[in-house]
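Below you'll find the structure, written out as structure tokens, and then a few comments.
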Amino acid sequence: MRRDVFQAIADPVRRDIIGLLAEKTLTINSVVEKFDVSRPAISKHLKILEECGIITINKQGRERFCQIRPKNLIPAFLWIEQYRNLWEEKLDSFENYLIKLQTRLPDEQAKNKKDE
25 MRRDVFQAIA
35 DPVRRDIIGL
45 LAEKTLTINS
55 VVEKFDVSRP
65 AISKHLKILE
75 ECGIITINKQ
85 GRERFCQIRP
95 KNLIPAFLWI
105 EQYRNLWEEK
115 LDSFENYLIK
125 LQTRLPDEQA
135 KNKKDE
């Protein structure tokens, strides 16, 4: 089965693993220790990340080290980036709405106190 970067980032545990490995190279045991998930489950996630080309697993002595290959995340970044302006506009609109509500709220509270 051919996997791609979107399958890699589809799972929240795999996204967390990518985040960890973005900070530093870790052994498989170190990755497992960071999660409240079984070792076989983490091993499966690591295998998927490796198949997607997001990480490499290198054996050094008795340890196996996981290292990120950030260049292979570029397709996902480019796909997400095309929607950035859309989301920024939506968030700006929402922020403006919240500001309007905040300015209206004190006026309404003052009016209610006068009516009492």
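Numbering (the working numbering), first residue to last: 25 to 140. Cβ coordinates follow ideal geometry from the N, Cα and C atoms, glycine included.
- Membership of residue 101 in the alpha helix (DSSP H) is indicated by the continuous run 98-105.
- Minimum Cα-Cα distance from residue 32 among the listed residues 56, 60, 65, 74 corresponds to 74.
- Taking 3 residues as the shortest admissible run, the segment 57-98 contains the following complete beta strand (DSSP E) segments, listed from N- to C-terminal end: 79-84, 87-92.
- At a Cβ-Cβ threshold of 8 Å, residue 81 and residue 42 do not count as neighbours.
- Three or more Cβ pairs closer than 8 Å define a contact, and the segment 80-98 meets that threshold against the segment 50-57.
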